[in-house]
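K.L.:
Respectively, the protein sequence lines represent chains A and B. All residue numbers for the first sequence refer to numbering that gives the first Met the number 0, where the first residue is 0 and numbers rise by one. All residue numbers for the second sequence refer to numbering that gives the first Met the number 0, where the first residue is 0 and numbers rise by one. Glycine included, C-beta positions come from ideal geometry on N, C-alpha and C. Just so you know, these numbers come straight off a predicted model, no measurement behind them. Questions regarding the structure given below will be posed in turn.
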Amino acid sequence: MKDFSQLKKNLKKDFSNLKMLKIAVLGDTATQFLIQALRGLGYDNGFNLEIWEADFNQIERQVFDLSSELYEFKPEIVIVFQSSHKLLGKYNKIKPEQHSLFASSELEGIENIYSSLTGNLNAKVIYYNYTEIDDSIFGNYANKTESSFLFQLRKLNYELMAFASKNANLYLCDLSSIQNQVGKANFFQTSIYINTEMVLSIDVLPKVASKTIDIINTLDGKFKKCVILDLDNTTWGGIIGDDGIENIQIGSLGIGKAFSEFQYWIKKLKNRGIIIAVCSKNTESVAQEPFEKHPDMVLHLDDISVFIANWENKADNIRQIQNILNIGFDSMVFLDDNPFERNIVRENIPEICVPELPEDPADYLEYLYTLNLFETVSFSNEDAERTKLYQIEAKRASVQQKFTNEDDFLKSLNMLSLVEPFNKFNTPRVAQLSQRSNQFNLRTVRYTDTDIERLIMSKDNFTFSFTLEDKFGDNGLICAIILQQENSDILFIDTWFMSCRVLKRGMENFVLNTVADFAKENGFTIVRGEYLATAKNEMVKDHYPNLGFEEQPNGNWELNLNNYENRKSFINIK
Amino acid sequence: MTMDRNEILKQINVIFIDVLDNEDVVIEETTQATDVDEWDSLTHIQLVVAIEKHFKIRFTSKEIQSWNNVGEMLNCIQEKGI
Chain A
0 MKDFSQLKKN LKKDFSNLKM LKIAVLGDTA TQFLIQALRG LGYDNGFNLE
50 IWEADFNQIE RQVFDLSSEL YEFKPEIVIV FQSSHKLLGK YNKIKPEQHS
100 LFASSELEGI ENIYSSLTGN LNAKVIYYNY TEIDDSIFGN YANKTESSFL
150 FQLRKLNYEL MAFASKNANL YLCDLSSIQN QVGKANFFQT SIYINTEMVL
200 SIDVLPKVAS KTIDIINTLD GKFKKCVILD LDNTTWGGII GDDGIENIQI
250 GSLGIGKAFS EFQYWIKKLK NRGIIIAVCS KNTESVAQEP FEKHPDMVLH
300 LDDISVFIAN WENKADNIRQ IQNILNIGFD SMVFLDDNPF ERNIVRENIP
350 EICVPELPED PADYLEYLYT LNLFETVSFS NEDAERTKLY QIEAKRASVQ
400 QKFTNEDDFL KSLNMLSLVE PFNKFNTPRV AQLSQRSNQF NLRTVRYTDT
450 DIERLIMSKD NFTFSFTLED KFGDNGLICA IILQQENSDI LFIDTWFMSC
500 RVLKRGMENF VLNTVADFAK ENGFTIVRGE YLATAKNEMV KDHYPNLGFE
550 EQPNGNWELN LNNYENRKSF INIK
Chain B
0 MTMDRNEILK QINVIFIDVL DNEDVVIEET TQATDVDEWD SLTHIQLVVA
50 IEKHFKIRFT SKEIQSWNNV GEMLNCIQEK GI
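Here it is as structure tokens:
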């Protein structure tokens, strides 16, 4: 991780080609260094963060005065940093009989800030939670004394989590966990605080900036979806080919505890929706044996979406995994104990994340915890099902090989699609897909739950969600369309994104037929589409011409409905 | 073994160059914050922390505010046994 002075040197670099994002920072202590660290680290993450900083200790004035500079600036993200030191200051000033209600009244204040911000801005709010200060008035007894500061601070952190869990646009940045990791003496430097009102030490600034940028990256659709595991000395201790199944270290054998705990961590990631793949230099049957037979293995074959064990080069194998899963290399993490393999993969596939695992397997987990690799801004039940979906996809691929005629194969799938406007039941999934879809996404406009609720109410927008199921299984909601009425003739396709899981099933034709039917029924004559290129959506560059749209002088694409005939599709409406 | 005062000055100069990100900064005993463009109250804190780290010392809150020039900063560092 770069230190503060290195981040600061980034500020002199050329930001002009980077993605611009407007961020407001509201703090009750001095935040100049934090802002420099954020902008500097933003550069390394491809962002030109345009940061507006409220004058020190102006949070309330900026938030509750709707004519303030904050609202004039129109940020896309508002960072609110109320420090524990100021919190303690407030606690110190109130009457002792009010101490027991302190957290509740503070939470109320935060709720008001949040609703004013989100009610008057189209912005996400990142709120820094509270690092612990034990003022040692009660000693350990503070833990059973409701009026103690420690009790109230911890209660406030807990209540903040409960509040955030119900408010989609509130993201907590876990400052408290950073202090746990580095220790209070490293987090906070008293002499600096007394001289400058800054509560973050110079050394902790990059960590705080990084934890914040993790959220911003994820909101921008950049996050990890898959972890690829080496086996020997990564997933278990020892070499299965040499040591044999009874001598590899997992469970109680040797340092097996380190590997068992590592496997539990991977299993939890899988349950959260991270795809697990294996890439190992081994004979496949030998590599799979522990998964099938070893009683202490936590991971089983049905946890693994793609299992590749052979003697080929790992970079090529990872390319094959990428090909099957159809996700970007930059959303993959490769874990391997061997520095040589790590370097080969890094050199050949620079986008992939390859952590420098420590030499001692006992350190793996603690090290991985510090990297915060798997930040997310959503979690739904479908995440937990993802492994199954990819396994079904592998099965479907093997059946497809038996059909020589593509149409016969598609017919044989008995595909059904449920077409519905966005509603409160499908909103979370639509929002999630909007964040996740990078490749099949024509304009890459990201929508959150609240944005979608706004669209549902809008009279000028029409929304469609599509599910797809076939004889092998249900893919769930995999495609969404947002149409915007431009005038009585023209409908504009504001958004068209689709999960890459359902490519090559004729879904595009089915969706366009649906849109065309709707448009005709409502008297429109032209459907207009637009392709906005990103680093990742090359796949749909020719989407509109392929569907018969004609190019316009301004680079847009138009489909005239007067001579539109339904396109070939083997999908039926459910 | 304590360090020669000129040697300390030389090492601090390197820190100034790095923190202020300016290769041309030359400091002397009599140099004041107002003599160096980039040396404001914020970068002062960065300098203080970098010097603390380099010599493995800690300044008190009062010391951080007290120096009128580089020479006085050097006195303070030497008082800490460097």
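Does any residue of chain A have a CB that is nearer than 8 angstroms to the CB of Asp3/B?
P.N.:
The sequence position of residue 3/B within the second sequence is 4, counting from 1. Chain A contact via Cβ: absent.
K.L.:
For Gly39/A and Asn561/A, what's the separation of their Cα atoms in angstroms?
P.N.:
The residue you call residue 39/A lines up with position 40 of the first sequence. The residue you call residue 561/A lines up with position 562 of the first sequence. Their Cα atoms are separated by approximately 54 angstroms.
K.L.:
What are the start and end residues of the beta strand (DSSP E) that includes Arg500/A?
P.N.:
Counting from 1 along the first sequence, the entry for residue 500/A is found at position 501. Note, Arg500/A: premise wrong, no beta strand (DSSP E); not H, not E.
K.L.:
Could you name the residues of the same chain whose beta carbon sits closer than 7 angstroms to that of Phe63/A, not counting the 5 residues immediately before and after it, in chain order?
P.N.:
Sequence index remark: in the first sequence, residue 63/A carries index 64 (1-based). These residues qualify, in order along the chain: Ser115.
K.L.:
The ligand GDP heavy atoms versus the CB of Gly88/A: any closer than 7 angstroms?
P.N.:
As far as ligands go, the structure on display features none, and thus does not contain the ligand GDP.
K.L.:
Report the neighbours of Asp17/B on chain A: residues whose CB is nearer than 8 angstroms to its CB, in chain order.
P.N.:
In the second sequence, counting from the first residue as 1, residue 17/B sits at position 18. Going along chain A in sequence order, the residues near Asp17/B (Cβ under 8 angstroms) are Ser4.
K.L.:
Mapping the DSSP letters down to three states, classify Leu17/A as helix, strand or coil.
P.N.:
Position 18 of the first sequence holds residue 17/A. DSSP places Leu17/A in coil when its eight states are reduced to three.
K.L.:
Enumerate, from N- to C-terminal direction, the unbroken alpha helix (DSSP H) stretches of 4 or more residues contained entirely within the segment 147-214 of chain A.
P.N.:
Secondary structure remark: continuous alpha helix (DSSP H) runs of at least 4 residues inside the segment 147-214 of chain A, in chain order: 148-165, 174-181, 183-186 and 189-195.
K.L.:
How long is the line joining the alpha carbons of Ser103/A and Glu365/A, rounded to whole angstroms?
P.N.:
Numbered from 1 along the first sequence, position 104 holds the residue referred to as residue 103/A. Numbered from 1 along the first sequence, position 366 holds the residue referred to as residue 365/A. When rounded, the separation of the alpha-carbon atoms in Ser103/A and Glu365/A is 34 angstroms.
K.L.:
Would you be able to state if there are at least three C-beta pairs under 8 angstroms between the segment 451-471 of chain A and the segment 29-37 of chain B?
P.N.:
no
K.L.:
For Leu620/A, which residues of its own chain have a beta-carbon under 8 angstroms away from its beta-carbon, when the five flanking residues on both sides are left out?
P.N.:
Residue 620/A cannot be examined here, being either before or after the span of chain A that is shown, 0 to 573.
K.L.:
When the Cα atoms are used, what is the spatial distance from Gln31/B to Glu49/A?
P.N.:
Stepping through the second sequence from its first residue, residue 31/B is reached at position 32. Stepping through the first sequence from its first residue, residue 49/A is reached at position 50. Taking the straight line joining both Cα atoms gives about 33 angstroms.
K.L.:
Please report the residue range of the beta strand (DSSP E) in which Ile477/A lies.
P.N.:
For this step, residue 477/A is matched to residue 478 along the first sequence. Segment Gly472 to Gln484, the beta strand (DSSP E) holding Ile477/A.
K.L.:
State yes or no: is the beta carbon of Gln431/A nearer than 8 angstroms to at least one beta carbon in chain B?
P.N.:
Taking the first residue of the first sequence as position 1, residue 431/A is located at position 432. It does not: the Cβ of Gln431/A has no partner Cβ on chain B nearer than 8 angstroms.
K.L.:
Output yes or no for whether 8 angstroms exceeds the beta carbon distance between Lys470/A and Asn413/A.
P.N.:
Locating residue 470/A in the first sequence gives position 471, counting from the first residue. Locating residue 413/A in the first sequence gives position 414, counting from the first residue. For Lys470/A and Asn413/A, yes; Cβs fall inside 8 angstroms.
K.L.:
Between Asn185/A and chain B, is the shortest Cβ-Cβ distance under 8 angstroms, so that the two count as touching?
P.N.:
Walking along the first sequence from the start, residue 185/A turns up at place 186. So no, Asn185/A is outside the interface.
K.L.:
Within the same chain, show all residues whose beta-carbon is closer than 8 angstroms to that of Arg57/B, passing over the 5 residues directly before and after it, in chain order.
P.N.:
For this step, residue 57/B is matched to residue 58 along the second sequence. Glu51.
K.L.:
Check each candidate in Asn139/A, Ser164/A and Ser83/A and name the one with the smallest Cα separation from Asn128/A.
P.N.:
Numbered from its first residue, the first sequence carries residue 128/A at position 129. Comparing Cα positions, the closest option is Ser83/A.
K.L.:
Report yes or no: do three or more beta-carbon pairs, one from the segment 552-561 of chain A and one from the segment 523-531 of chain A, lie closer than 8 angstroms?
P.N.:
yes
K.L.:
Which residues in chain A sit within 7 angstroms of Ile63/B, going by Cβ to Cβ distance?
P.N.:
For the purposes of this step, residue 63/B is taken as residue 64 along the second sequence, with counting starting at 1. Residues of chain A passing the Cβ test: Ser190 and Asn194.
K.L.:
On the DSSP letters alone, give me the boundaries of the beta strand (DSSP E) that Val226/A sits inside.
P.N.:
Position 227 of the first sequence, counted from the start, is the residue given in the question as residue 226/A. Note, Val226/A: beta strand (DSSP E), Cys225 to Leu228.
K.L.:
Determine contact between the segment 167-181 of chain A and the segment 333-341 of chain A, defined as no fewer than three beta-carbon pairs at a distance below 8 angstroms.
P.N.:
no
K.L.:
Output the boundary residues of the alpha helix (DSSP H) element that contains Thr426/A.
P.N.:
Looking up residue 426/A in the first sequence gives position 427. Unbroken alpha helix (DSSP H) run through Thr426/A: Thr426 to Arg435.
K.L.:
Specify the secondary structure class of Ile247/A as computed by DSSP and reduced to three states.
P.N.:
Here residue 247/A refers to the residue found at position 248 of the first sequence. Of the three classes helix, strand and coil, the one that applies to Ile247/A here is coil, per DSSP.
K.L.:
Who pairs with Tyr126/A in a beta bridge, going by DSSP?
P.N.:
Indexing the first sequence from 1 puts residue 126/A at position 127. Bridge partners of Tyr126/A: Val79/A and Leu171/A.
K.L.:
Mind listing the chain A neighbours of Ile50/B? Cutoff is C-beta to C-beta under 7 angstroms, in chain order.
P.N.:
Against the second sequence, residue 50/B aligns to sequence position 51. For Ile50/B, no chain A residue has a Cβ inside 7 angstroms of its Cβ, as the nearest lies near 12 angstroms away.
K.L.:
What is the residue span of the beta strand (DSSP E) that Arg651/A lies within?
P.N.:
One cannot answer for residue 651/A here, as it falls past the ends of chain A, which runs 0 to 573.
K.L.:
From Gln5/A, Ile132/A and Phe333/A, pick the residue whose C-alpha is nearest to that of Glu355/A; which is it?
P.N.:
Here residue 355/A refers to the residue found at position 356 of the first sequence. Nearest option by C-alpha distance: Phe333/A.
K.L.:
Using only alpha-carbon positions, find the residue among Phe306/A, Ser147/A and Gln434/A that is nearest to Tyr90/A.
P.N.:
Mapped onto the first sequence, residue 90/A falls at position 91. Looking at the Cα atoms, Ser147/A is the closest of the given residues.
K.L.:
Just list the residues that DSSP pairs Asn559/A with in beta bridges.
P.N.:
As a first step, residue 559/A is located in the first sequence; it is residue number 560 there, counting from the start. Answer is Ile525/A.
K.L.:
Using a C-beta to C-beta distance shorter than 9 angstroms, which residues of chain A count as neighbours of Gln31/B?
P.N.:
Taking the first residue of the second sequence as position 1, residue 31/B is located at position 32. Ordered by position in chain A, no residue passes the 9 angstroms Cβ test against Gln31/B, which lies about 18 angstroms from the chain.
K.L.:
What do you get for Trp495/A, buried or exposed, if any count of 16 or more other CB atoms within 10 angstroms of its CB means buried?
P.N.:
Taking the first residue of the first sequence as position 1, residue 495/A is located at position 496. By the neighbour-count rule (16 or more Cβ atoms within 10 Å), Trp495/A is buried.
K.L.:
Just to confirm before moving on: does the CB-CB distance between Phe162/A and Glu374/A stay below 8 angstroms?
P.N.:
As a working note, residue 162/A is residue 163 in the first sequence. As a working note, residue 374/A is residue 375 in the first sequence. Result no, Cβ atoms of Phe162/A and Glu374/A do not sit closer than 8 angstroms.
K.L.:
Could you tell me which chain B residues have their CB closer than 7 angstroms to the CB of Lys8/A, listed as they occur along the chain?
P.N.:
Against the first sequence, residue 8/A aligns to sequence position 9. Asp20, listed in chain order.
K.L.:
Among Leu476/A, Asn422/A and Leu268/A, whose alpha-carbon lies nearest the alpha-carbon of Ser457/A?
P.N.:
Taking the first sequence and counting its residues from 1, one reaches residue 457/A at position 458. Minimum Cα distance to Ser457/A is reached at Asn422/A.
K.L.:
Determine the extent of the alpha helix (DSSP H) in which Lys519/A is found, giving its start and end residues.
P.N.:
Position 520 of the first sequence holds residue 519/A. Residues Met506 to Glu520.
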